Each structure stands twice: as structure tokens, then as C-alpha cells.
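Q: Chains as they are written, first to last, in our numbering: chain A, 9 to 215; chain B, 102 to 778. Note that the Cβ used here is the ideal one computed from N, Cα and C, for glycine as well. These figures come from a predicted structure and were not determined experimentally. Take this structure first; my questions come after.
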Amino acid sequence: MSGAHEYIFKYIIIGDMGVGKSCLLHQFTDQKFMTDCPHTIGVEFGTRVIEIANKHIKLQIWDTAGQERFRAVTRSYYRGAAGALMVYDITRRQTFHHLASWLTDARNLTNPHTIIMLIGNKLDLAEQREVSFEEASRFAQENGLIYMETSAKTGENVERSFIETATKIYQNIESGVLDPNSVESGIQVTTTLIEPAREQQQSGCSC
Amino acid sequence: MVNQRNQRPLLTLDTKQKINENGGGSSPSTTAPQNSIITRKVHQVVSISSSLAENDSLRNALQYLGTFYGENTVDERRNLRGVLESKTLDTHKELLREFTKVNERLELLDNVVGDLSKACSLIDEQMRQHESVTKSFLVQYNNTQQKLSDSQHRQKLISTFLTQFQLTDAERDALLYHPITQTFFRTLNKVHDIKNACTDMLRTHQQKSGLEIMEEMSGYQDTAYERLSRWTQEKCRLLSSDVYQDSYADEHDEHLYGHLLVEQELKNALNALSGRPVLLRCCLKEIVSARKTALVSKFFDALHGGRRRPIEMAAHDPVRYIGDILAWIHQSAASERELVDSLLSNDESEPGTPTSSSSSSLQSYSFGVLDETFQVLNAHLKDKIDQILNGERVDMIVYFRLGHLMELYRFTIGKLLGMNSSLPCYLSELRSMVDHCFYDVLQKQQVVVSLTLNLKPPNDMVDLMHKLTDILNTLNQSMVPQESREQEFSNIISAVVDPILSNLSSTITSQENISDMYVFIVNCHALLHNTLSPYDFATKKSEVVMAETDKIMEQFISFQSDQLLTNVGIKQILDLIKNNQKPLSAVDGLKPEQMSLFMQSLYVHLFSTSTLLLSPQQQCDKISSTRLKVYSKNRITTALSDAYAQVYACIQDLENQYDNAKEIAFRTPQQVKILLE
Ligand SMILES: Nc1nc2c(ncn2[C@@H]2O[C@H](COP(=O)(O)OP(=O)(O)OP(=O)(O)O)[C@@H](O)[C@H]2O)c(=O)[nH]1
Ligand SMILES: [Mg+2]
Chain A
9 MSGAHEYIFK
19 YIIIGDMGVG
29 KSCLLHQFTD
39 QKFMTDCPHT
49 IGVEFGTRVI
59 EIANKHIKLQ
69 IWDTAGQERF
79 RAVTRSYYRG
89 AAGALMVYDI
99 TRRQTFHHLA
109 SWLTDARNLT
119 NPHTIIMLIG
129 NKLDLAEQRE
139 VSFEEASRFA
149 QENGLIYMET
159 SAKTGENVER
169 SFIETATKIY
179 QNIESGVLDP
189 NSVESGIQVT
199 TTLIEPAREQ
209 QQSGCSC
Chain B
102 MVNQRNQRPL
112 LTLDTKQKIN
122 ENGGGSSPST
132 TAPQNSIITR
142 KVHQVVSISS
152 SLAENDSLRN
162 ALQYLGTFYG
172 ENTVDERRNL
182 RGVLESKTLD
192 THKELLREFT
202 KVNERLELLD
212 NVVGDLSKAC
222 SLIDEQMRQH
232 ESVTKSFLVQ
242 YNNTQQKLSD
252 SQHRQKLIST
262 FLTQFQLTDA
272 ERDALLYHPI
282 TQTFFRTLNK
292 VHDIKNACTD
302 MLRTHQQKSG
312 LEIMEEMSGY
322 QDTAYERLSR
332 WTQEKCRLLS
342 SDVYQDSYAD
352 EHDEHLYGHL
362 LVEQELKNAL
372 NALSGRPVLL
382 RCCLKEIVSA
392 RKTALVSKFF
402 DALHGGRRRP
412 IEMAAHDPVR
422 YIGDILAWIH
432 QSAASERELV
442 DSLLSNDESE
452 PGTPTSSSSS
462 SLQSYSFGVL
472 DETFQVLNAH
482 LKDKIDQILN
492 GERVDMIVYF
502 RLGHLMELYR
512 FTIGKLLGMN
522 SSLPCYLSEL
532 RSMVDHCFYD
542 VLQKQQVVVS
552 LTLNLKPPND
562 MVDLMHKLTD
572 ILNTLNQSMV
582 PQESREQEFS
592 NIISAVVDPI
602 LSNLSSTITS
612 QENISDMYVF
622 IVNCHALLHN
632 TLSPYDFATK
642 KSEVVMAETD
652 KIMEQFISFQ
662 SDQLLTNVGI
672 KQILDLIKNN
682 QKPLSAVDGL
692 KPEQMSLFMQ
702 SLYVHLFSTS
712 TLLLSPQQQC
722 DKISSTRLKV
732 YSKNRITTAL
742 SDAYAQVYAC
752 IQDLENQYDN
762 AKEIAFRTPQ
772 QVKILLE
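As C-alpha cells, then:
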């Protein structure tokens, strides 16, 4: 888990307050669920290194506050995100209705290649569902988003959603759609400034 | 005896045949004597034949006999003994000859053995002589052997000692001359261990060599640490190299700096150097200066760089602009922290990492490094703030929002860099600067609240209240804790609301237009109250305003009621009633005919809704609050109907001796009340 990664992808998580953004992040980075997660103040952040196509990729994830009063603040963090997870709560229809506004922000403030994933969270409470999978699916399709339902509580699909987004980003790099070296890509190619050790050659004569 | 045996088998065969041929046919009684001989013979033969089978020598003898014994004739049988004896004789002669030869040889041998024996005793003699000589050599040999094994043992000890207390040539070279690699760190570790071992040695009788080795090792260490420090400083300088990358690549930049793969050796180097705080600090200084360079370059790149959306694009919107800058700093702080943490951490599992005890102390430097690094942004941040403060006049709400933005980021960035580190502290300094501007402007917002024609709050005040609403919204949404929010609120109130309140209460001094004054004040209060009441931190203040309003309302109502009762003349009647004795019909001014006239004119007023009655109503209508409007109207009507009820009761009172009471006051108070409502 050292610095041995080739890329860094910047993610943002957006969506109404209480939809479980912070819980998703925690589930992804710590494999833990927090029952009484306090409202996020401003923006918090977490990282985790994943592996895609034998490449180590570090996800640098910015978890924003959903409360309206932080909206102005959180908007400053969209810049240069390679992936955006847009979360709503499947048991609260209201949070689904607000997606349009979140999506507008995401489109306006990120770049055209930013992968936006729609996440319907709290899948463990499916019996209290107020938004059907089909309806959300249609919304995602109409807006060109990937869609997935998750539960930050059980962890179902949490890992998948983060990794699938990263896979899409990686495919864009591979296919040349996305230039990882460009500024707004939200990707950083890590380099090592210090030449590799000459240990072999050295230890050869010391024995 | 040999002969006998040789003959018998021939007979035996015949006899056997005979027995078989005869079978049981011959009678036993007639052949009895013959039979017994035969039986004996048979037994003999059988025993011989059986012994023949077992006895090899007998068989050999018989075979030998077969070589010269021809036909089995009587002559032959008679001569057999002679033949055998002559053969035996020949054999003996032969033996004799041979033994004579043997004897000769033995005599010869005896001579030789005698010679040998003589020689042997000679040798023996000589041996005995030599042994005494050799004995001393043997002793010498044994001694030498012992010494050899002792030496070997010592050699082993010494070589063990040397490997444990000295460096090999290769190690020394790695430590002092070769480029820095894992071997260097291993050797440095070894030197450290040797020194430790020497400390143990000082407790034994080997103090002198302990001290010598220790000195030698210290020498190595000093040189090695010097070298390592120079090497590390060089490597640390490279940590700013993304600057160069920027200079040639417009489109190729991005935050490479935050994510350098920190070479294990640099980590090891810093870890090793934590044993030499002075040298370590030099290296940390290099890191700080390198990261400062990198950070500033990135900062300007984010502001102006080849981005699609450089932050500078928002410069026209100060809150957004500063917000973007602070968000950028926050994100950089996160990256920078990761870099510094990975530099100043010790992976214990890695080989060649010196003294693990140093790792925790190494980590303790990371806050300091970050703190110093981010200090470089303070001045730039101040520039940006100054730019706003000295630029075109901005709305005071901008100052207020900026202040709260800084408070939010003081907290957010403080979580990464440490609350007491320089940048967060500087943010709170900047905040007080901005707050200062805010209160400066706020204080200048003073409006002179003077009576308006429509009795509504003056436009200046309405504007100010809009601004106040903006401010209170920002305050309400800010993340500052409740008590500091209340503090801030009370500052704002004393700057804005309190002057208005005192201004208002001072306007009531003149008696001119007093009724308008009351309405105006009530209306201004209502505006204040409406502005404050939505915020829970303003509850107390809005209650104060409310109480003040109630007081003014009471004054207004009593003034209006008084006016009304005076205008319709009922007040004077009530005064006379109060001040005189019964029967009142005798009192001048309350005489039945006077009362009758008064009541008639009162009824006209009441039923024709004259201006006398309407004017207080109209005054009430100028109250903007519907609740207060209705309330005041009700109170005034009630005052009138109450007064009427008193006069009516007085007329109806028999003791007052109005004869035609029913005619003077023919409307019941109830009727009047309904009418007024
Ligand atoms: N049952 C269930 N509860 C969840 C799930 N995810 C989050 N919660 C709960 O929902 C509440 C809000 O979760 P948060 O992660 O704090 O929500 P948020 O989106 O970060 O909210 P803000 O920080 O205010 O924007 C918490 O009490 C969680 O315990 C889930 O998948 N299932
Ligand atoms: Mg949250």
C-alpha cells in the first residue's frame, strides 16, 4: 500500500444530504459501515489503491457535503475530477428528483470526459423503495450515465461502483479519448524522480 | 575287511533276486535252516549297502579296486591280499622318499629361522636404544598439536570478532566511497550495532579495545552521515523538479509533485538521519524549500495555467474566487500530506532501516514540514484578499461571506495541516481583517429613521434589513458553533439594530403627530421583528423588539381611545360621573335634559359612522401588521363600548333618579357593542 501506483484518479461524490455519500466512501476505504455518520462539513477526503489491468491506481476521493448551505463550497471541488459518483437514496424520492440539479452542476463544472456514475444507495432497505430500478435506469440511460444500486450498509456493489468507474476512465486513457497528462483530466501519472537503485551491481561486488 | 565288503555286493544281488523269484511259493518248514543263513546274509548285505550309501571312503575304495581287479575268480580273490599289500608297500616307499626331501628342507629352514632370530634380537636391541631418543620428540609433537588447535580456536574467535566488530573492505568502501545503496544502509546499521556492542565491552576488562573500536566506528559514522546528508539533500532538491516540467510543457502538468513515488532509499536515508537531528533538519529544510517551489508553481498554474477553467476566471466573483483558491489549497494539502507522510514514515518491514525507535520521532517532523511548506502561500493568499479589499467597492455581504469561508477552511485545512499550523492561523488573521472591513461598512450603514408620510419604514431601513437578512442567512448557514454565532450576531445587532431601536424611541419626544409616530414605530419594529424572527440565534432579540412593540401599542391604543372618547364627549360625562355624588341627575352637566341631548348626538355618531369614529380606525389601518391592526381596532372599540356601558348603567341606576331613564338611553350596551363591531 506504499506509493507504488501508476495513476491517480480524482473522484467526487455528490448528492443530497443523508443519501449515504460518506458511508459509501467509508465502506470503500475501510470496509466499515457507520450507523451514526454525522453530516459532512464542507468536504472530506479518502484514498485507496486499486488494481485495474495489472496497474495500480490510487483513487483520491472527495466526499462533499450534501447540505444546501455548502453547495457553494463543494462546487469548488468539481474541477478536474475524473469520476463523479452521483448518489441518491432509493427510499426517498425527493433525492431522486434533485438529481437533475446535481447533474447540471456536474456537467458544468467537470470536463466532458468525466465519468459520471449514478448510484441508488440503501439497497438494503429495498422494501421501502420509492424509486424503481427501471425508472432510475431510464434516467441514467437518457443522460448517458452508468447506473448501479448499492448498499453502504451491507457493502453490496460498493466496491464494484468505484472500480467500474475507474475501469471506464482507464479505458478512456487506453483508447486515447482521454489524455492523462492534460490538466482537467483529473488523472495524474506518477513518476519517480529518483533513479532506481543500483543495488544489484553494488551487491555483486560486495559478496 | 575291505575285501570282504568288496565281495558282498555281488552276492547280495543274487540273493535278492532269489527271494523275489521264490515269492511265498516255497514252504517255510522245509527250507528253514537254509533260510536262516540267507536271512543273515541278506541282513549283512543290506547293512553294507546302506552303509555304502553313506560312506564315501568305502565307495572310493571299491572304485579303486575296480581299476585292477578283473574277473571275479577264485584266483583273483586269493591274490587280492597280495596285490594290495605290494601296492601298499610301494606307496610307503614313495612316502619315505618324499619325507626325506621334506626333512632336508626343514633343516635348511631351521638354519634360516635361527639367523632371523639373531637378527631380531639385534633389531630389538637397536629399537630399545632409539625409543629413548624418540620419546622427547613425541612429547614435542603433542605439544605442538595442542598449540595448533589452540591457535585455530583463537583464529575462529578472532574472525568472529572481526566480523562483529570490524567492517570488511567492501563494507567500508560502500560506506565511505561508493554510491549510496542498500549496502550502505546495512553497513551503517552494522556500525551502529558495533558501537552498541562496544558499550557492552566497556563493562568488561576489554575497555581499551572497546574504546578504540568505538572511536573508529564513530569516525566511520561521522563520514557516512555527512555523505548521506549531502546525498539526501540532493535528492530532496529534486522534489521540486515539477517546476522544470512546467516550463517546457504547457499541457503536460498536473499535480505530479504531490505524487512522486518516493524511493525507498530516500525514506531510508531520512530514517537513518533521524539519529542526527542536525543533519536531518538540513534535509527537512531542503524538502520544505523544494515543496515550496513546487507548491507556488502549482498555485499559479491553477490560477492562470493552461486549464480549461483557470481559477482566475472567477476573479469577478470574490467569494467564488477565494473559495476556489481555498479549495485548491485544501486539495493540495491532502496531496502534500500524503507525500510528506510517505517520506517521513518508516516501513519497519524494509531491510536496512536503522533503529526503529527513530521512526516515531521522524513522523513527528511531518507537521512541521507541512506547516512551513504551506506558509509560502500565506503571502499569496493575502495578495488575493488585498486585491479584493482594495479593489472596486464590494458589497458588505461579500466581506461577511469571505470571513465565513475562511472560517470553514481554517477548520478544513487545519484538520490536514494541524489547527495550530501557520496557514490556518493565517486564515483566521485574514478573517479578522475581512471582518474588520465588514463591520466598518456595516457601521456606515446607519440610517436616520425619521417619520415617513405613509408611516411605513423608510426605504433606507428596508434596504438595510434586506442586507441584514443576507448576513443572517450566511450566519445561519455557517458552520461556526452556536455560541460564536450568537456572539457574532450580537455584534451585528449592536451595529445595525440597536441604533435603529434607540433612534426610534428618541423620536417620540415631540407631542406633534404622536399618533402617527406610534404607528410608524410599530411598523418599523415589525420589520425588525420579521427580519430577526426566522433565526433561532435571534430569538432573544426579537422578543425584546416584540416587548417594545407591545409597549408602544399600549401607548398608541390608550392615546387613540382617549382621543375618541374625548371627541364624542363621553369622556367628560364619565369624569362628571366619577367626581360627583348621587343622585347624579341633580349635577349640572348630567341633568336629564342635558343627558338626553348628549345621548342623541352620540347615537347619531354611532349610527352614521361619523369621521369622529372613523379617524382612529383609519389610523389603525396604517399599522402594517394585520394582527396589530385588528388588535388595536378592537381595543379602541372596546374602550368606547365600555364607556357607553358605564354611562348607561349610571342612567339606569335608580339612585341617580333619572325619571325617563329608558327614553334617555334607549340602546343597551349590548346593542352598541354589536353595532361597533
Ligand atoms: N440502511 C442504510 N442506511 C444507510 C446507508 N448508507 C447510509 N445510511 C445511513 O444514512 C445516514 C446518512 O448517511 P451519510 O453517509 O452521512 O450521508 P451523506 O450523504 O454523507 O450526508 P451529508 O454528509 O449530509 O451530505 C446515516 O445515518 C447512515 O447510517 C445504506 O446503504 N443503508
Ligand atoms: Mg457526508
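Specify, as a first and last residue, the run of the beta strand (DSSP E) that residue 771(B) falls within.
A: First-last for residue 771(B): 770 to 777, but that is the alpha helix (DSSP H), not the beta strand (DSSP E).
Q: Does the CB of residue 7(A) have a neighbour CB from chain B at under 8 Å?
A: As shown, chain A starts at 9 and ends at 215. That puts residue 7(A) outside it, with no answer to give.
Q: For the structure I just gave you, are there three or more beta carbon pairs, one from the stretch 134 to 150 of chain A and one from the stretch 113 to 121 of chain A, closer than 8 Å?
A: no
Q: Do residue 43(A) and ligand 2 come close, with the Cβ less than 7 Å from some heavy atom?
A: no
Q: How many whole angstroms separate the CB atoms of residue 72(A) and residue 22(A), which I take to be in contact at a CB cut-off of 8 Å?
A: 6 Å
Q: Given this structure, state the Cα-to-Cα distance separating residue 751(B) from residue 758(B), to the nearest angstrom.
A: If you take the alpha carbons of residue 751(B) and residue 758(B), they lie about 10 Å apart.
Q: How is residue 520(B) classed by DSSP in three states: helix, strand or coil?
A: coil
Q: How about residue 29(A): is its Cβ closer than 7 Å to a heavy atom in ligand 2?
A: yes
Q: Give me the Cα-Cα distance between residue 47(A) and residue 26(A), rounded to the nearest whole angstrom.
A: 7 Å
Q: Kindly indicate the opening and closing residues of the beta strand (DSSP E) around residue 91(A).
A: 91 to 97 is the extent of the beta strand (DSSP E) around residue 91(A).
Q: So, under 8 Å CB-CB, residue 524(B) and residue 478(B) are touching, yes? Tell me the CB distance rounded to an integer number of Å.
A: Between residue 524(B) and residue 478(B) a beta carbon distance of about 6 Å is seen, short of the 8 Å cut, so the two are scored as contacting.
Q: Going by other Cβ atoms of all chains shown within 10 Å of its Cβ, with 16 needed for buried, is residue 485(B) buried or exposed?
A: Residue 485(B) comes out buried.
Q: Using a Cβ-Cβ cutoff of less than 6 Å, which residues in the same chain neighbour residue 725(B) once the five nearest sequence positions on both sides are dropped?
A: 624 and 627
Q: Could you tell me how far apart the beta carbons of residue 284(B) and residue 275(B) are, in whole angstroms, since I believe they sit closer than 8 Å?
A: 4 Å
Q: Does the beta carbon of residue 185(A) come closer than 8 Å to any beta carbon on chain B?
A: no
Q: Which residues in the same chain have their Cβ closer than 6 Å to the Cβ of residue 636(B), if we skip the five residues on either side of it in sequence?
A: 573 and 577
Q: So which residues on chain A does residue 519(B) lean against when the C-beta distance must stay under 7 Å?
A: Going along chain A, no residue has its Cβ under 7 Å from residue 519(B), so there is no contact; the nearest lies around 16 Å.
Q: Where are the alpha helix (DSSP H) runs, 4 residues long or more, that stay fully inside the stretch 579 to 631 of chain B, in chain order?
A: 583 to 608
Q: Please list, in chain order, all residues of the same chain as residue 33(A) whose beta carbon is under 7 Å from its beta carbon, the five residues on each side excluded.
A: 21, 54, 69 and 71
Q: Any beta carbon of chain A sitting closer than 8 Å to that of residue 431(B)?
A: yes
Q: Between residue 252(A) and chain B, is there a C-beta pair that is closer than 8 Å?
A: Because chain A spans 9 through 215 in this model, residue 252(A) falls outside it and cannot be assessed.
Q: Under three-state DSSP, which class holds residue 60(A)?
A: strand
Q: Verify the contact flag: residue 37(A), CB atom, against every heavy atom of ligand 2, threshold strictly below 7 Å.
A: no
Q: Near residue 168(A), what residues of its chain come up, given a Cβ to Cβ distance below 7 Å and the 5 sequence neighbours on each side ignored?
A: 156
Q: Would you say residue 510(B) and residue 427(B) are within 8 Å of each other, going by their C-beta atoms?
A: yes
Q: Which bits of chain B does residue 51(A) rub up against, with CB to CB less than 9 Å?
A: 428, 431, 432 and 513
Q: Would residue 87(A) be called buried (16 or more neighbouring beta carbons within 10 Å of its own) or exposed?
A: Result: buried.
Q: Please report how far the alpha carbon of residue 519(B) lies from the alpha carbon of residue 39(A), in whole angstroms.
A: 27 Å
Q: Check whether chain B comes within 8 Å of residue 72(A), counting only Cβ atoms and requiring the distance to be less than that.
A: no
Q: Once DSSP output is grouped into helix, strand and coil, what is the label at residue 753(B)?
A: helix
Q: What does a CB cutoff of less than 7 Å around residue 400(B) pick up in its chain, not counting 5 residues either side in sequence?
A: 478 and 481
Q: Please list, in chain order, the chain A residues whose beta carbon lies closer than 7 Å to that of residue 509(B).
A: 50 and 81
Q: Helix or strand or just coil, what does DSSP make of residue 149(B)?
A: helix
Q: Answer with yes or no whether the minimum CB distance from residue 740(B) to chain A is below 8 Å.
A: no
Q: Between residue 772(B) and residue 744(B), what straight-line distance do the alpha-carbon atoms span, to the nearest angstrom?
A: The alpha-carbon atoms of residue 772(B) and residue 744(B) are separated by roughly 14 Å.
Q: Return the CA-CA distance between residue 431(B) and residue 124(A), expressed in angstroms with no decimal places.
A: Each residue's Cα considered, the two are about 23 Å apart.
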